[in-house]
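Asker: After the structure tokens below, expect a handful of questions from me.
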Amino acid sequence: MNPGHYPVNPPHHPGSAAVPGRAAVPPTTGYPADTPPAPTPPPARRRTRLVAGAAAVVVLALAAAGVAVVRPGPVAGWLGQADPSPAARSEPPEPPPAPVLLAAGATAPVPTQQGLRTALEPLVGAAALGSSVHVAVLDVATGEQLYGQGQDTPTVPASTTKLVTAATVLAARGPAYRIPTRVVAGATPGEVVIVGGGDPTLAINATGIYPGAGRLDDLAAKVKQALGGTAPTKVTVDSSLFSGPVYGPGWDADIPTGGFAAPITALMTDGGRIDPKDNIKGAERYEKPDVAAGRLFAKALGLPTATVNAVAKGTAPAAPPDATGASASPGATIAPGTELGRIDSPPLVRLVEFMLADSDNVVAEALARQVALARQQPASFDGAAAAMDTVVGELGLDANQTAVSDGSGLSRRNRISPALLTDVLGLAADGSKPELAGIFAGLPVAGWSGTLTERFASPAAVAALGAVRAKTGTLSEVNAISGTVTTAQGRLLAFAVLADRVPSGPEQAGSALDKIAAALAACGCAG
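Going letter by letter, the sequence shown gives residues 29 to 555 in our numbering.
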């Protein structure tokens, strides 16, 4: 990793090895934010939707997505890495972990504004967070904003941008949508064209990094069957679905070499990683992921090395009016543009989970482009940004409080207010937009999963363990966290804390943010 840049979040898959220790960050100029205004009384309500049993919606959404909502416990035993049976232990078995979030509901006491000010203001003013700290706390059941400091101020959000990406893609495409990768017959006999649809999870074979991904070896088998007696002789790559620059506006200069994102192309394997098993931060990526994927596909077809190396980009022929995609009989002529095979990504809700759990920047940019395609915008950084802002408005949220330049949060040009982030989470939890509930399946759990596995380790933050689900964001001089928390009295809150003029390193700022979330979890603020 080059000096001067810290990743939005290091990648980590649930159930994989722990994330390595974070690298030190040399001082950089960062974004010069204004000094935050003094805390202002929040309006009585931000959203007028009344919600019955909002916490039940969250829990049901998590259950539907196959996520176990439990407190941290004997992880190795739960994951089958050790014999969990009592006979195999010398000590008594540990009792089952207690459920999380089940107590939250509309009947639990609501924290008072004064109680929250007393609990939060000493922590919000921590020196480690700097002079530009903006905060919003929302009661999920009523939509009432309970605490705010610069809550409506558009702020550099870093990777908390992914919450907006998740909401907009789930709304625009739907949770069940799958991204296709297709192969069609080329202009000459034996030529095949692999057409990228924007699936960043595409695997080469069973070694893929994303569970359930479509595989090039399966696609190759379909194509060979469809060709009948015609042997494949050439592979062309059509990645024209995505347009514009492959790196985002406002990205730090070391992104192309740092490994925290790949060039964003419509065809790639394993998020552009050269090694599919490389799940550490800063994984090496292909310089041209689309051409690399085409060559891997040619290899899967069994083409000779010289032909594999000759794979290049081109444009797929238009489909003939009578194309059926059926297998050809030996000796039959296949019309150019005829579909020869297709594989699909996992459902979009799973891609959202990958993005949020591991703060996957490449998946985030691919999902942002799906928002663009769904709203007839160019599948580019600019088109995705415009479409995301449009869908925010369609969801009934204040589009004036968000202006993004990418979907991952790597861009320092992004601006999102804390109030907009809490409104997104409240809308996802209140049941009025059930397609958004998939956000909660991907949100890491404090001290347990994803990018929060190693957070909340200090004694001052233990109240948050298992009670907070949140997305973090980290760039040099920018630290953020936004998610949901169940208070000690059982009330479900959405919160966001964005600091974009951080003078200290990410560890100190992260610890300060953890203490704020833990204070909400421990809050007896209802009087």
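The beta-carbon is built from N, C-alpha and C at its ideal position, and this holds for glycine as well. No experiment lies behind these values; they were computed from the predicted model shown.
Which residue from THR170, LEU144 and PRO182 puts its Cα closest to that of PRO446?
Answerer: PRO182
Asker: Where ALA156 and PRO375 are concerned, what is the direct C-alpha to C-alpha distance, given to the nearest angstrom?
Answerer: 40 Å
Asker: Helix or strand or just coil, what does DSSP make of LEU331?
Answerer: In the structure shown, LEU331 adopts coil according to DSSP, grouped into three states.
Asker: Out of GLU422, SER460, ILE544 and GLU172, which one is the CA nearest neighbour of ALA149?
Answerer: Per the sequence shown, residue 149 should be read as Glu rather than Ala. Comparing Cα-Cα distances from GLU149 to each of GLU422, SER460, ILE544 and GLU172, the minimum goes to ILE544.
Asker: Would ILE222 and PHE288 be called neighbours here (beta carbons separated by less than 7 Å)?
Answerer: No, they are not a contact pair.
Asker: With 16 other CB atoms within 10 Å as the buried threshold, where does GLU422 fall?
Answerer: Under this definition GLU422 is an exposed residue.
Asker: Would MET416 and THR196 be called neighbours here (beta carbons separated by less than 7 Å)?
Answerer: yes
Asker: Does the distance from the C-beta atom of VAL165 to that of VAL152 stay below 7 Å?
Answerer: no
Asker: Output the boundary residues of the beta strand (DSSP E) element that contains VAL510.
Answerer: A small correction: the amino acid at residue 510 is Ser; Val does not occupy that position in the sequence shown. Per DSSP, SER510 belongs to the beta strand (DSSP E) from 506-514.
Asker: Taking buried to mean at least 16 other C-beta atoms within 10 Å of its own C-beta, is SER373 buried or exposed?
Answerer: buried
Asker: Quick check on ASP388: does DSSP put it in helix, strand or coil?
Answerer: coil
Asker: Check this for me: beta carbons of LEU269 and ALA407, under 7 Å apart or not?
Answerer: yes
Asker: Are the beta-carbon atoms of LEU556 and GLY224 separated by less than 7 Å?
Answerer: The first residue shown for the chain is 29 and the last is 555, placing residue 556 beyond what the model contains.
Asker: Please name the residue, chosen from ALA154, SER159, PRO137 and THR140, that lies closest to ARG529 on a Cα-to-Cα basis.
Answerer: SER159
Asker: Using only the alpha-carbon positions, how far apart do ALA320 and ILE232 sit?
Answerer: Using only the alpha carbons, I get a separation of about 11 Å.
Asker: Does DSSP classify ARG557 as helix, strand or coil?
Answerer: Outside the shown range of the chain (29 to 555) lies residue 557, about which nothing can therefore be said.
Asker: I think ALA213 touches LEU329, with their Cβ atoms under 8 Å apart; what is that distance to the nearest whole Å?
Answerer: Contact flag wrong, Cβ pair sits at about 13 Å.
Asker: Closer than 8 Å is the cut-off here; do at least three beta carbon pairs connect the region 442-457 with the region 467-475?
Answerer: Taking a cut-off of 8 Å on C-beta distances, the region 442-457 touches the region 467-475, as three or more cross pairs fall below it.
Asker: Nearest to ILE561 by CA position, among VAL211, LEU379 and LYS252, is which residue?
Answerer: Given that the chain is displayed from residue 29 to residue 555, the structure contains no residue 561 and the question cannot be resolved.
Asker: Which two residues bound the contiguous beta strand (DSSP E) that contains ILE237?
Answerer: First-last for ILE237: undefined, no H or E at that position.
Asker: Tell me which residues share the same chain as ASP542 and place their Cβ nearer than 6 Å to its Cβ, disregarding the 5 neighbours each side in the sequence.
Answerer: ARG483, PHE484 and ALA489
Asker: Assuming ALA147 and ALA546 form a contact by the criterion Cβ under 8 Å, report the distance between their Cβ atoms to the nearest whole angstrom.
Answerer: Going by Cβ atoms, the distance from ALA147 to ALA546 rounds to 10 Å, so no, they are not a contact pair.
Asker: Below 8 Å, can you find three or more Cβ-Cβ pairs linking the region 505-514 to the region 174-194?
Answerer: Yes, the region 505-514 touches the region 174-194.
Asker: Return the chain-ordered list of same chain residues with a C-beta closer than 7 Å to the C-beta of GLN109, the five sequence neighbours on each side being excluded.
Answerer: Note that GLN109 scores 36 on pLDDT, short of 50, meaning its location in the model is unreliable; the coordinates nonetheless yield the value given after this. Same-chain partners within the cutoff: there are none.
Asker: Using CA coordinates, which residue listed in ILE444, ARG497 and GLY300 is at the minimum distance from ASP227?
Answerer: GLY300
Asker: At a threshold of 6 Å, does LYS309 count as lining the ligand ATP (C-beta to nearest heavy atom)?
Answerer: The ligand content of the structure shown is nil, which means the ligand ATP is not present either.
Asker: Among ILE308, PRO534 and PHE382, which has the Cα closest to the Cα of PRO472?
Answerer: PHE382
Asker: Whose C-alpha, out of GLN141, ASP167, ASN389 and GLU312, is nearest the C-alpha of THR479?
Answerer: ASN389
Asker: Would you mind stating whether LEU425 and LEU191 have Cβ atoms separated by less than 7 Å?
Answerer: no
Asker: What is the residue span of the beta strand (DSSP E) that THR502 lies within?
Answerer: 496-503
Asker: So, does the region 511-520 touch the region 493-502, judging by three or more C-beta pairs under 8 Å?
Answerer: yes
Asker: Below 8 Å on the Cβ atoms is my contact criterion, and I expect PHE409 with PRO273 to pass it. Report the Cβ-Cβ distance as a whole number of Å.
Answerer: 6 Å
Asker: For my contact list, ALA200 and ARG403 are in at a C-beta cut-off of 8 Å; report their separation, rounded to the angstrom.
Answerer: 6 Å
Asker: Quick one: Cα of LEU144 to Cα of LEU174, how far?
Answerer: 8 Å
Asker: Starting from ALA164 and walking both ways along the beta strand (DSSP E), at which residues does that stretch end?
Answerer: Taken as a continuous stretch (DSSP letters only), the beta strand (DSSP E) holding ALA164 covers 161-167.
Asker: LYS262: buried (16+ other C-beta within 10 angstroms of its C-beta) or exposed?
Answerer: buried
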